[in-house]
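Each remark here refers to the structure printed beneath this line.
Protein chains: 2
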Amino acid sequence: MNLKDLAASLGLSQTTVSRALNGYPEVSEATRKRVTAAALEHGYRPDSRARSLATGKAMAVGLVLPMTAKQEIVNPVFADFVAGAAETLATRGYDIVLSLASEEEQTNVYRSMLSKGRVDGMIMQAPLTGDPRIALLKDLGMPFVVHGRVSDHDDEYCWMDMDNRHAFHEATGHLLDLGHVRIALLNGLEAMDFAHRRRDGFLDALSERGLTADPAIMASSTMTEQFGYNEAMRMLALPEPPTAMLTSSLLVAMGAHRAIQARGLRMGLDVSVVTHDDGLSYLPNGTEEAPIFTATQSPVRSHGNICAEMLLKRIDQDKTPPIQTKLKASFVIGPSSGPAPTL
Amino acid sequence: MNLKDLAASLGLSQTTVSRALNGYPEVSEATRKRVTAAALEHGYRPDSRARSLATGKAMAVGLVLPMTAKQEIVNPVFADFVAGAAETLATRGYDIVLSLASEEEQTNVYRSMLSKGRVDGMIMQAPLTGDPRIALLKDLGMPFVVHGRVSDHDDEYCWMDMDNRHAFHEATGHLLDLGHVRIALLNGLEAMDFAHRRRDGFLDALSERGLTADPAIMASSTMTEQFGYNEAMRMLALPEPPTAMLTSSLLVAMGAHRAIQARGLRMGLDVSVVTHDDGLSYLPNGTEEAPIFTATQSPVRSHGNICAEMLLKRIDQDKTPPIQTKLKASFVIGPSSGPAPTL
DNA sequence: AATCACTGCCAAAGCGCTTTGGACAATCGT
DNA sequence: ACGATTGTCCAAAGCGCTTTGGCAGTGATT
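These protein sequences, in sequence, are chains R and U. Take 1 as the starting number for the first sequence in the UniProt record's numbering and just add one per residue. Take 1 as the starting number for the second sequence in the UniProt record's numbering and just add one per residue.
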């Protein structure tokens with residue numbers, strides 16, 4: 001059942017039916033009622049392609065899942081972020097078009113994504129330092145917003161980012177205040193822009209107190225529980241083990257926790273752990289009142305909401321200067337951090 | 001730059017250009033070369049909507065993120081599953097259209113999803129027992145495949161499922177063989193069809209050896225680390241604590257592990273833990289050679305691959321009888337399970 | 001009585017692509 | 001040498017919608 005048929009069955013023109021259905025004023029209330037009733041009865045649904053072709057709006061935004069050809073890690077943050085974005089987009093009737101791109105194919109996928117008409121805008125995730133995709137997206141001339149930022153890139157694009165530097169500066173400060181001097185950093189892959197910023201925050205906090213970082217207790221890798229466990233195990237076996245650890249994700253913190261226990265130590269007493277918490281819905285950091293880990297937190301789901309919101313604004317009015325949003329992580333204190341043990 | 005312009009600039013008809021680009025034989029090799037070169041030079045990309053409208057194929061499949069209005073849990077399995085599906089779909093040039101639906105709006109979202117033309121088929125995830133969506137999808141008459149199954153529903157639909165019953169039967173058998181008698185079950189929400197099947201496998205294995213389950217050591221909830229911890233803590237404090245635990249996800253097992261350690265017990269010696277492992281890429285169960293947890297495993301990413309594959313087949317030929325795939329989980333033994341402690 | 005502004009409707013022109021049904025030459029079989 | 005094929009190309013008809021530009025009819029205004 002298409003518009004033509006529906007119009008015919010009502011003895012009206014397509015124009016009138018279309019207008020009636022889309023709430024235009026040029027149609028009498030009586031006919032509108034008649035039309036909507038008939039539409040409902042026949043289960044009429046406009047063909048989104050045809051509509052999109054006619055209006056020029058795709059009512060969808062694109063998202064590219066970055067992934068190398070090798071079975072690599074899916075960003076655990078992805079699901080919550082997408083949920084947030086989808087949630088906001090749904091309120092405006094937008095869908096998400098997902099595409100997967102191996103590293104080499106990134107460019108092509110981005111191009112084909114906006115192979116005209118498929119989407120009205122794009123959200124780019126997990127930017128690397130000096131990420132070439134930004135230039136590409138600008139080049140393609142389509143609204144986009146980046147979840148994260150790219151250092152060393154001009155500021156002429158939309159982004160939404162948490163203040164990673166500040167968060168890790170604060171977390172490190174907290175540990176320093178507690179008297180810790182040997183603080184380990186278990187960071188994400190430093191190719192990722194956010195990991196870079198976090199390290200800077202960490203290093204700055206140290207040097208502000210006249211301390212220097214020890215590379216032996218700084219690690220950087222994909223943020224898995226395993227990584228946390230392995231590195232913590234290694235570091236705790238050092239002649240001068242750290243008394244505190246700063247980790248980049250709850251999963252890593254859990255791994256560190258496991259290692260601490262495996263070494264017969266107690267978290268929060270012998271070794272403190274502070275982590276960043278992305279607020280993943282399926283991996284809560286204890287309860288709201290009683291967190292397990294002392295943590296900087298910024299729920300990634302709300303990042304999804306915000307990015308979507310920004311993109312929609314951008315789609316509505318392309319010509320305004322780019323919007324940029326910086327979020328401050330909150331800081332909660334749990335039993336995982338305590339005063340540095342006295343020797 | 002559209003087809004018309006491109007054709008004009010080449011002094012050819014749209015027909016010929018279209019045919020040249022799409023590899024039809026009715027065009028000479030010389031013109032084809034000329035056309036492809038020009039297309040490349042002008043950066044021509046066909047409008048996917050127009051093409052879709054003309055061909056009738058959307059080159060996309062739909063996926064609905066189920067989610068209640070309340071900030072509920074995003075399925076942790078989602079990301080990997082989607083990655084798998086996207087991976088397979090990408091090889092055939094298909095995209096994924098993602099939509100989010102609150103429980104009440106499910107029906108509408110499904111309807112509007114295939115609001116004609118948006119997608120060629122759908123993948124449905126996380127079916128509940130007696131899930132009404134299956135009837136809905138059948139009713140809408142669009143190819144679909146279900147990741148999981150629905151009990152008490154006729155078999156006339158495509159599904160791909162792991163043999164949950166068998167997996168938990170085997171896992172329980174393993175623990176029974178080790179001499180365990182009081183085995184706890186930390187299951188997923190029993191509204192989920194798979195949780196139901198797992199419980200059945202567990203119960204059957206027990207009763208086959210003449211044992212009955214104790215409701216005091218059976219729990220069922222959303223599969224978080226917290227849930228694992230809380231329930232394990234509670235159970236280990238019982239007058240007759242379990243000597244083994246069977247959990248429904250790695251996250252839950254990790255929670256149980258934490259509880260075991262918190263109680264001053266040793267996993268694999270005092271309390272055994274066996275879990276199901278969805279093979280999430282960011283949450284590996286140790287390494288392949290050295291798993292941490294004894295586990296039934298079935299990587300959900302490959303589920304995504306398979307579902308996509310099946311759906312594509314289904315889209316290609318709608319009229320064949322529904323395909324159904326049952327996967328057997330593999331079973332790996334790690335240090336988390338050992339002989340039941342002698343009293 | 002003629003003009004004007006609505007109101008409520010319609011015919012038809014796109015949107016950009018694919019595909020059907022030829023047209024026109026060049027080549028072939030006999 | 002003549003019809004039958006084959007190789008290249010094209011004009012035009014959709015796909016199903018929105019939207020422009022009009023056209024009657026109705027009251028209200030000059």
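Each residue gets a CB set at the ideal place from its N, CA and C atoms; glycine is no exception.
{"Check": "Since R:A253 contacts R:F293 with CB under 8 Å, what's their CB separation in whole angstroms?", "Outcome": "5 Å"}
{"Check": "When the Cα of U:M122 is compared with those of U:A101, U:I96, U:L100, which residue comes out closest?", "Outcome": "U:I96"}
{"Check": "Under 8 Å between beta-carbons, which chain U residues line up against R:H118? List them in chain order, please.", "Outcome": "The sequence given here has Arg at residue 118 of chain R, not His. Within chain U, the residues near R:R118 are S48, R49, D95."}
{"Check": "Check the DSSP bridge columns for R:T88 and list the partner residues they point to.", "Outcome": "DSSP, once it has assigned bridges, lists no residue as partnering R:T88."}
{"Check": "Using a cut-off of 7 Å between C-beta atoms, extract the partners of R:S337 located in chain U.", "Outcome": "Chain U residues near R:S337: none, gap ~17 Å exceeds 7 Å."}
{"Check": "Between the beta-carbon of R:P46 and the beta-carbon of R:L3, is there less than 8 Å?", "Outcome": "yes"}
{"Check": "With U:L176 and U:V274 assumed to form a contact (beta carbons below 8 Å), what rounded beta-carbon distance in angstroms separates them?", "Outcome": "Their Cβ separation, rounded to whole angstroms, is 11 Å, which puts U:L176 and U:V274 out of contact at 8 Å."}
{"Check": "For U:Q226, which residues in chain R fall below 8 Å Cβ to Cβ?", "Outcome": "P284, G286, T287"}
{"Check": "In the DSSP output, what is U:V145 paired with across the bridge?", "Outcome": "U:I123, U:C158"}
{"Check": "Just the C-alpha distance for U:S272 and R:R165, rounded to the nearest angstrom, thanks.", "Outcome": "42 Å"}
{"Check": "Please report whether the beta-carbon of U:V274 lies at a distance below 8 Å from any beta-carbon of chain R.", "Outcome": "no"}
{"Check": "Identify whether R:Q261 lies in helix, strand or coil by the three-state DSSP scheme.", "Outcome": "helix"}
{"Check": "Where do the N-terminal and C-terminal ends of the alpha helix (DSSP H) with U:L186 fall, by residue?", "Outcome": "Segment 183-187 is the beta strand (DSSP E) holding U:L186; no alpha helix (DSSP H) there."}
{"Check": "Quick one: Cα of U:R51 to Cα of U:A58, how far?", "Outcome": "9 Å"}
{"Check": "Residues in its own chain within less than 7 Å of R:V145 by CB, not counting five upstream and five downstream?", "Outcome": "I123, C158, W159, M160, C307, M310, L311, R314"}
{"Check": "Tell me, please, whether the segment 257-265 of chain R touches the segment 218-236 of chain R by the rule of three or more beta-carbon pairs shorter than 8 Å.", "Outcome": "yes"}
{"Check": "State yes or no: is the beta carbon of U:Q261 nearer than 8 Å to at least one beta carbon in chain R?", "Outcome": "yes"}
{"Check": "Quick check on U:V82: does DSSP put it in helix, strand or coil?", "Outcome": "helix"}
{"Check": "For R:A244, write down the residues that DSSP places opposite it in a beta bridge.", "Outcome": "R:I183, R:S272"}
{"Check": "Taking a contact to mean a Cβ-Cβ separation below 8 Å, would you say U:M245 touches U:L186 in this structure?", "Outcome": "yes"}
{"Check": "Could you tell me which of U:A256, U:D316, U:V332 sits nearest to U:T287, measuring between CA atoms?", "Outcome": "U:V332"}
{"Check": "Check whether the Cβ atoms of U:P284 and R:Y282 lie closer than 8 Å to each other.", "Outcome": "no"}
{"Check": "Using 10 angstroms around the beta-carbon of R:E208, count the other beta-carbons present and answer buried if the total reaches 16, otherwise exposed.", "Outcome": "exposed"}
{"Check": "Just curious, the beta strand (DSSP E) that U:I96 is in, first and last residue?", "Outcome": "95-101"}
{"Check": "From which residue to which residue does the beta strand (DSSP E) around R:G62 run?", "Outcome": "60-66"}
{"Check": "Could you run through the segment 137-151 of chain R and flag, in chain order, every residue whose CB is less than 8 Å away from some CB of chain U?", "Outcome": "none"}
{"Check": "Starting from R:A7, find everything on chain U with Cβ-Cβ shorter than 8 Å and list it in chain order.", "Outcome": "Ordered by position in chain U, no residue passes the 8 Å Cβ test against R:A7, which lies about 16 Å from the chain."}
{"Check": "May I ask you to report which of helix, strand or coil DSSP gives U:D139?", "Outcome": "helix"}
{"Check": "Taking all protein chains shown into account, decide if residue 352 of chain U is buried (16 or more other Cβ within 10 angstroms of its Cβ) or exposed.", "Outcome": "The requested residue 352 of chain U is not part of the displayed model; chain U covers only 1 to 343."}
{"Check": "Rounding to the nearest angstrom, what Cα-Cα distance links R:E289 and R:P335 in this structure?", "Outcome": "12 Å"}
{"Check": "Taking the DSSP output, what are the residues bridged to R:A219?", "Outcome": "R:L186"}
{"Check": "Contact criterion: CB-CB distance below 8 Å. Does R:P66 meet it with respect to chain U?", "Outcome": "no"}
{"Check": "Tell me which residues of the segment 73-88 of chain U have at least one Cβ-Cβ distance to chain R shorter than 8 Å, keeping chain order.", "Outcome": "I73, V74, N75, P76, F78, A79, D80, V82, A83, A86, E87"}
{"Check": "DSSP state of U:Q71, grouped into three classes?", "Outcome": "Caution applies to U:Q71, whose pLDDT of 49 falls short of 50 and renders its modelled position unreliable; the value that the coordinates give is listed next. U:Q71 falls in the coil class under three-state DSSP."}
{"Check": "I'd like to know whether the C-beta atoms of R:A256 and R:G228 end up nearer to each other than 8 Å.", "Outcome": "yes"}
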